[in-house]
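Line by line, the protein sequences are chains A and B.
The letter at position 50 of the first sequence is residue 268 when you use the numbering used here, and the numbering goes up by one with no holes.
The letter at position 516 of the second sequence is residue 534 when you use the numbering used here, and the numbering goes up by one with no holes.
Cβ atoms here follow ideal geometry from the backbone N, Cα and C, with glycine treated the same way.
Computed from a predicted structure; not experimentally measured.
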Amino acid sequence: MSNSVILNNTIHKDLKVITKTGEAYGSNVMHAMTFPTEFRDVQSCYPIFFCKDPATGQLYPTALFGFEKDQNLFLNGDSWEASYIPLMIKRHPFLIGFQSDLGKGEGAKKPIISIDMDNPRISQTEGETLFTDSGDPSEYLKQSMARLEAIHRGHEHNKIFIETLLKNELLQSFTLEITLNNGSNNQLSGFYTIDEEKLHKLGAEALASLHSQGFLQAIYMTVASFARIRPMIDKQNAILS
Amino acid sequence: MEEQKITRLVIVGGGTAGWLAAGIIAAEHFVDTKTKTNKRSFELTLIESPDIATIGVGEGTWPSMRSTLQKMGISETDFIRECDASFKQGTLFRGWKTGHDDAYTHPFTIPHAYAETNLAPQWQSFRDKVDFAEAVSSQNTLMFKGLAPKQITTPEFAFNVNYGYHLDAGKFAEFLRRHCVEKLGVKHLKANVTGVISAENGDIASVTTDVCGDIQADLFIDCSGSRALLLDEHYGVAISSKSDVLFNDTALAAQIPYTKESDAIESSTLSTAQTAGWIWDIGLPSRRGIGHVYSSRHNSEGRATEELLAYIASTVSQQAAEAATIRRLDFMPGHRTKFWHKNCVAIGMSAGFIEPLEASALVLVELSAAMIADQLPANRHIMDIVAKRFNEKFLYRWDRIIDFLKLHYVLSERRDTAYWRDNCDRGTIPESLSERLEVWRHQCPWHRDAVHVDEMFPSASFQYVLYGMGFVTQQSTLGSRTDREAANIGMQLFQENADKTQRLVGMLPSNRELIDKIRTYGFQKI
Numbered sequence: 219m220s221n222s223v224i225l226n227n228t229i230h231k232d233l234k235v236i237t238k239t240g241e242a243y244g245s246n247v248m249h250a251m252t253f254p255t256e257f258r259d260v261q262s263c264y265p266i267f268f269c270k271d272p273a274t275g276q277l278y279p280t281a282l283f284g285f286e287k288d289q290n291l292f293l294n295g296d297s298w299e300a301s302y303i304p305l306m307i308k309r310h311p312f313l314i315g316f317q318s319d320l321g322k323g324e325g326a327k328k329p330i331i332s333i334d335m336d337n338p339r340i341s342q343t344e345g346e347t348l349f350t351d352s353g354d355p356s357e358y359l360k361q362s363m364a365r366l367e368a369i370h371r372g373h374e375h376n377k378i379f380i381e382t383l384l385k386n387e388l389l390q391s392f393t394l395e396i397t398l399n400n401g402s403n404n405q406l407s408g409f410y411t412i413d414e415e416k417l418h419k420l421g422a423e424a425l426a427s428l429h430s431q432g433f434l435q436a437i438y439m440t441v442a443s444f445a446r447i448r449p450m451i452d453k454q455n456a457i458l459s
Numbered sequence: 019m020e021e022q023k024i025t026r027l028v029i030v031g032g033g034t035a036g037w038l039a040a041g042i043i044a045a046e047h048f049v050d051t052k053t054k055t056n057k058r059s060f061e062l063t064l065i066e067s068p069d070i071a072t073i074g075v076g077e078g079t080w081p082s083m084r085s086t087l088q089k090m091g092i093s094e095t096d097f098i099r100e101c102d103a104s105f106k107q108g109t110l111f112r113g114w115k116t117g118h119d120d121a122y123t124h125p126f127t128i129p130h131a132y133a134e135t136n137l138a139p140q141w142q143s144f145r146d147k148v149d150f151a152e153a154v155s156s157q158n159t160l161m162f163k164g165l166a167p168k169q170i171t172t173p174e175f176a177f178n179v180n181y182g183y184h185l186d187a188g189k190f191a192e193f194l195r196r197h198c199v200e201k202l203g204v205k206h207l208k209a210n211v212t213g214v215i216s217a218e219n220g221d222i223a224s225v226t227t228d229v230c231g232d233i234q235a236d237l238f239i240d241c242s243g244s245r246a247l248l249l250d251e252h253y254g255v256a257i258s259s260k261s262d263v264l265f266n267d268t269a270l271a272a273q274i275p276y277t278k279e280s281d282a283i284e285s286s287t288l289s290t291a292q293t294a295g296w297i298w299d300i301g302l303p304s305r306r307g308i309g310h311v312y313s314s315r316h317n318s319e320g321r322a323t324e325e326l327l328a329y330i331a332s333t334v335s336q337q338a339a340e341a342a343t344i345r346r347l348d349f350m351p352g353h354r355t356k357f358w359h360k361n362c363v364a365i366g367m368s369a370g371f372i373e374p375l376e377a378s379a380l381v382l383v384e385l386s387a388a389m390i391a392d393q394l395p396a397n398r399h400i401m402d403i404v405a406k407r408f409n410e411k412f413l414y415r416w417d418r419i420i421d422f423l424k425l426h427y428v429l430s431e432r433r434d435t436a437y438w439r440d441n442c443d444r445g446t447i448p449e450s451l452s453e454r455l456e457v458w459r460h461q462c463p464w465h466r467d468a469v470h471v472d473e474m475f476p477s478a479s480f481q482y483v484l485y486g487m488g489f490v491t492q493q494s495t496l497g498s499r500t501d502r503e504a505a506n507i508g509m510q511l512f513q514e515n516a517d518k519t520q521r522l523v524g525m526l527p528s529n530r531e532l533i534d535k536i537r538t539y540g541f542q543k544i
């Protein structure tokens with residue numbers, strides 16, 4: 219449950235945000251939504267798949283951290299061991315709220331920065347401050363705002379990305395079968411991936427169109443990211459041995 | 019001499035039957051409307067009368083409709099949004115057994131592990147403890163709870179449990195028309211057929227229309243409704259009446275709005291037995307279709323109307339009953355003595371009509387059109403052979419439908435009215451059904467009961483109706499090897515089914531909830 223309120227430099231003047239990782243801060247997640255704009259960084263650490271939002275059935279790209287619910291193989295105690303942490307993880311405890319934008323007519327909404335007051339990162343004593351003494355955003359808050367801005371654009375971008383992939387029939391359902399050193403077989407289902415056979419058969423026109431939208435690179439980075447599965451299996455084996 | 023090739027088809031009539039047949043045949047034989055390439059230079063024209071309103075029978079489909087739509091290249095999301103469609107998981111029968119608060123289901127999903135194991139003999143010893151459908155199928159519980167057969171994350175046309183649809187037949191015909199004309203290259207003429215011009219060999223050479231002239235074709239498909247403009251009015255092929263077996267010949271139909279927008283949409287067709295017929299209740303997203311189908315020999319229109327209004331008053335509201343507009347439809351239960359004659363084949367009500375107890379109308383259109391599409395004769399000579407096959411197959415199918423519908427009546431314990439007593443009169447029961455009932459007294463239906471590979475009703479359907487109605491099969495005390503093996507794993511299978519049921523109840527949304535989500539988000543194709 220979240221208890222989000224609009225961020226305010228008077229009310230939240232003394233608020234601090236803990237930026238550590240660890241289970242206490244909800245870092246034990248199996249996967250998190252990602253966006254083509256961060257694929258370059260994400261694919262260097264994590265496999266990128268696609269999954270469906272259970273509430274809407276809509277597909278979105280996601281970075282995989284573990285093989286089962288609440289498992290994050292990159293989390294070693296309180297340390298998230300990877301060179302890049304995806305935007306959707308880093309954003310906490312901030313989120314985007316929407317406020318009616320009367321200047322733009324009835325029904326128009328503008329994104330606005332909100333904060334989840336129930337998030338364990340919220341503190342009065344420890345962590346990064348949000349505002350300077352003069353009430354301006356701190357460096358940390360500025361970075362957080364930039365991340366939210368990127369996420370906001372990323373959502374819109376994802377919609378078009380997914381539509382384009384579906385239109386070209388480039389997504390396929392798949393089950394990841396993992397055999398561990400102890401002989402156990404694990405199946406990971408409910409995920410989707412790039413259909414490489416279809417990708418290789420795309421005609422020049424379709425490829426040019428994907429390229430002009432900037433999606434061709436994202437597609438190939440997704441394909442390349444599969445190589446990140448092996449190190450995750452190794453981590454899992456190491457835990458079990 | 020070169021045989022006349024079959025390349026031009028004309029469909030006369032533009033109701034659900036006409037457009038569904040057009041879509042099925044066109045999807046099979048057209049290649050691409052953009053490039054207009056097709057090897058057979060195939061032409062399909064549908065002539066629709068601008069003056070005749072469609073009847074709109076068949077608001078319930080079988081699961082077969084899913085693949086029918088898919089083959090036509092229709093998006094399930096578009097179909098559900100535009101045809102006011104919802105999910106149907108089978109039929110829930112109430113009052114059929116005793117007339118007092120009894121209920122059972124005929125779900126679309128076959129019993130658990132049915133391919134390998136017949137659970138019906140195992141269930142006989144627990145018949146007093148658990149209903150048959152509940153013991154062997156998860157769907158029974160889902161139907162009573164009004165849950166959807168899938169989730170929003172399930173790809174289009176895929177399912178957790180098997181399903182068909184409830185739909186607005188008028189909207190469906192219009193939806194199919196657009197798809198046929200815009201995507202499948204079907205030519206649409208709005209005209210009245212005013213005459214038939216015969217060829218020397220007795221075939222139909224062309225039909226004359228009031229505003230589009232004479233339309234020639236190699237094969238004419240009669241979808242003109244019960245009037246059967248070509249097969250009956252031109253060729254005089256008669257109807258074989260089945261009113262001695264199935265008495266219902268009148269329907270009173272009403273469309274009832276929900277009390278509020280959030281009212282539950284049932285995920286089964288509700289069929290409630292009355293004194294001389296039964297009432298259907300079909301939940302669409304925007305309204306309910308409620309109607310009373312009865313035997314005019316056993317009930318008066320006034321009394322039948324009262325029963326219908328009483329049903330509406332008790333299940334919807336007194337207000338809804340008072341506001342209801344009731345439309346009457348008379349029909350002669352039966353089918354043509356043959357469906358394909360010369361170069362003319364009838365599909366839909368022109369071929370026959372029977373009470374909608376198991377929603378057999380639309381599925382017969384699908385099967386007929388699919389067989390025409392599949393076996394489209396290469397030339398005129400072969401057509402007579404294909405026609406013969408078609409007639410044999412569909413006469414057999416009609417017999418099986420009639421047997422299956424009659425089964426619902428003969429198992430009833432009701433003797434409260436002449437209608438129920440007459441229905442159990444041995445003289446009204448087809449011999450083919452009596453014989454099977456005799457066999458089923460000693461062995462449960464299973465795969466062995468299928469004579470053909472493409473039976474309309476799988477043996478599982480007979481199980482659901484027989485045991486739902488309380489029929490008793492006295493198992494042989496000897497016990498075959500197959501039965502002993504089934505006994506060994508029976509309890510495990512019942513438990514698996516119970517576990518699956520619990521899991522599905524926990525994850526499936528209500529029918530209304532899923533329909534609302536489809537309207538907002540739509541299904542994914544994958």
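Minimum length 4: unbroken alpha helix (DSSP H) runs contained in the region 496 to 525 of chain B: 499 to 525
Tell me which residues of the region 532 to 543 of chain B have at least one Cβ-Cβ distance to chain A shorter than 8 Å, keeping chain order. Lys535, Thr538, Tyr539, Gly540, Phe541, Gln542 and Lys543
C-alpha distance - Leu87 of chain B paired with Leu532 of chain B, whole-angstrom precision: 20 Å
Identify every residue that forms a DSSP beta bridge with Trp298 of chain A. A:Leu293
Specify the secondary structure class of Glu531 of chain B as computed by DSSP and reduced to three states. helix
Which of the three DSSP states, helix, strand or coil, is assigned to Ser318 of chain A? strand
Asp232 of chain B - containing beta strand (DSSP E), residue span: Asp232 to Gln234
Smallest Cα separation from Thr34 of chain B: which of B:Phe193, B:Ala138 and B:Ile536? B:Phe193
Does the distance from the CB of Asn226 of chain A to the CB of Pro355 of chain A come in under 9 Å? no
What residue from B:Leu380, B:Trp114 and B:Ile24 has the CA that sits closest to Thr435 of chain B's CA? B:Trp114
Endpoints, alpha helix (DSSP H) assigned at Ile400 of chain B: Arg398 to Val428
Beta bridge counterpart(s) of Glu61 of chain B as assigned by DSSP: B:Arg26
Between Gln88 of chain B and chain A, is the shortest Cβ-Cβ distance under 9 Å, so that the two count as touching? no
List the endpoints of the continuous beta strand (DSSP E) containing Tyr122 of chain B. Ala121 to Pro125
Rounded C-beta distance between Pro254 of chain A and Ala456 of chain A? I'm assuming under 8 Å. That pair is no contact at about 32 Å.
Answer yes or no: do Ser222 of chain A and Ile333 of chain A have a C-beta to C-beta separation smaller than 9 Å? yes
Any idea which residues DSSP pairs Val363 of chain B with across the strands? B:Ile239 and B:Trp358
Between the region 383 to 397 of chain A and the region 411 to 430 of chain A, do at least 3 Cβ pairs fall closer than 8 Å? yes
Kindly indicate which three-state DSSP category Leu185 of chain B falls into: helix, strand or coil? coil
Return yes when the Cβ of His252 of chain B is within less than 9 Å of the Cβ of Ile222 of chain B, no when it is not. yes
Inter-residue spacing [alpha-carbon to alpha-carbon] between Gly203 of chain B and Ala391 of chain B: 15 Å
Using a cut-off of 9 Å between C-beta atoms, extract the partners of Thr440 of chain A located in chain B. Near Thr440 of chain A there are no residues of chain B at all, since even the closest Cβ is about 15 Å away, more than 9 Å.
Using a Cβ-Cβ cut-off of 9 Å, state whether Ile92 of chain B counts as contacting chain A. no
Measure the C-alpha to C-alpha separation of His353 of chain B and Leu248 of chain B and round it to an integer number of angstroms. 15 Å
Residue-level contact to chain A via CB, Ile170 of chain B, 9 Å cutoff: yes
What residue range is occupied by the uninterrupted beta strand (DSSP E) comprising His310 of chain B? Arg305 to Tyr312
In chain B, which residues lie less than 7 Å from Gln390 of chain A when you measure between Cβ atoms? Ile544
Residues that DSSP places opposite Lys106 of chain B in a beta bridge: B:Gly182
Between A:Thr343, A:Lys377, A:Arg448 and A:Ile307, which has its C-alpha nearest Phe268 of chain A's C-alpha? A:Lys377
Roughly how many angstroms lie between the CA atoms of Gly353 of chain A and Phe177 of chain B, to the nearest whole one? 55 Å
Could you check which residue in A:Ile224, A:Glu241, A:Lys238 and A:Thr252 has the C-alpha nearest to that of His373 of chain A? A:Thr252
Within 10 angstroms of its Cβ, does Val490 of chain B collect 16 or more other Cβ (buried), or is it exposed? exposed
Using a Cβ-Cβ cutoff of 7 Å, what residues of the region 252 to 281 of chain A are near chain B? List them in chain order. Lys270, Pro272, Thr274, Gly275, Gln276 and Leu277
Within a Cβ cutoff of 7 Å, which residues of the same chain sit near Asn266 of chain B, ignoring the five residues on either side of it in sequence? Gly295, Val311, Tyr312, Ser313, Pro351 and Glu373
DSSP has Pro275 of chain B in a bridge; who is on the other side? B:Arg305
Tell me whether the beta-carbon of Met487 of chain B lies closer than 9 Å to the beta-carbon of Ser378 of chain B. no
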